[in-house]
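Trainee:
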Amino acid sequence: MSDVYELVITVDLRDEITEPEVAELRWHLRIGPRPERQSIVTGFPFVVVDDSGYPVVVDEPHPLLAESGAASRVGGVLCSALAGRADLPRKGWSLTSRQEIHPDEFDIVGELLSWLAVRAHSTHLIADQAAVRIGCIRFHEALTPDVLKVENGQVDWPT
């Protein structure tokens, strides 16, 4: 049995994002080169086995929303896009990404989604404005997705 989820991010971002942050977002979507420094997600811990057979944590930076092409478990196509918006009142950026994600990736992808939520346009706020709708998530065998929200800096991942 597979623990793969369909993750769909659809968010409009305010125009307060700096050029280095836009460059990093482009890298995370694999539509731009890797910047010298990352400020959105700064650590990419990955456990490997060293020459002595012991587990060691190494830092392996990699784009988090970068898969493209045919999805292996959820059907359809995996893709990502980032577009500038000049229209008011949503001036800024629009980001869309459809990915397959395993629960082992929830924490690190959650860092990126929490960063996006802080910069999301007010149209993504949920009722009392304590949470931000960032997209949706669906277990690969489920028929319907659930709203994916960020509240108090934490992503409400499925349990």
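Each residue of the sequence shown is one higher than the last, beginning at 0 in numbering that gives the first Met the number 0. We put the beta carbon where it would ideally sit given N, CA and C, even for glycine. Here the structure is a predicted model, which means the values were calculated and not measured.
Give the range of the beta strand (DSSP E) segment to which Pro19 is assigned.
Mentor: One-based indexing of the sequence shown puts residue 19 at position 20. From DSSP, Pro19 is part of no beta strand (DSSP E) but of the alpha helix (DSSP H) over 18 to 27.
Trainee: If I follow the unbroken alpha helix (DSSP H) through Val108, where does it start and stop?
Mentor: The residue given as residue 108 occupies position 109 in the sequence shown. Note, Val108: alpha helix (DSSP H), 105 to 117.
Trainee: Compute the beta-carbon to beta-carbon distance between Asp49 and Val40, rounded to the nearest angstrom, for a pair I have assumed lies under 8 Å.
Mentor: Along the sequence shown, read from residue 1 onward, the residue named residue 49 stands at position 50. Along the sequence shown, read from residue 1 onward, the residue named residue 40 stands at position 41. About 25 Å; that fails the 8 Å criterion.
Trainee: If you draw a straight line from the alpha carbon of Ile8 to that of Val57, how long is it in whole angstroms?
Mentor: In the sequence shown, the residue the question calls residue 8 occupies position 9. In the sequence shown, the residue the question calls residue 57 occupies position 58. The straight-line gap from Cα to Cα measures roughly 28 Å.
Trainee: Report the CB separation of Leu94 from Leu12 in whole angstroms; it is logged as a contact under 8 Å.
Mentor: Your numbering for residue 94 matches position 95 in the sequence shown. Your numbering for residue 12 matches position 13 in the sequence shown. Yes, they are in contact, since the Cβ atoms of Leu94 and Leu12 sit about 6 Å apart, within 8 Å.
Trainee: Shortest alpha-carbon distance to Asp14 belongs to which of Cys135, Ala119, Ala129?
Mentor: Walking along the sequence shown from the start, residue 14 turns up at place 15. Nearest C-alpha to Asp14: Ala119.
Trainee: For the putative contact between Ile133 and Lys148, defined by C-beta atoms under 8 Å, what is the C-beta separation to the nearest angstrom?
Mentor: Position 134 of the sequence shown holds residue 133. Position 149 of the sequence shown holds residue 148. About 6 Å; that satisfies the 8 Å criterion.
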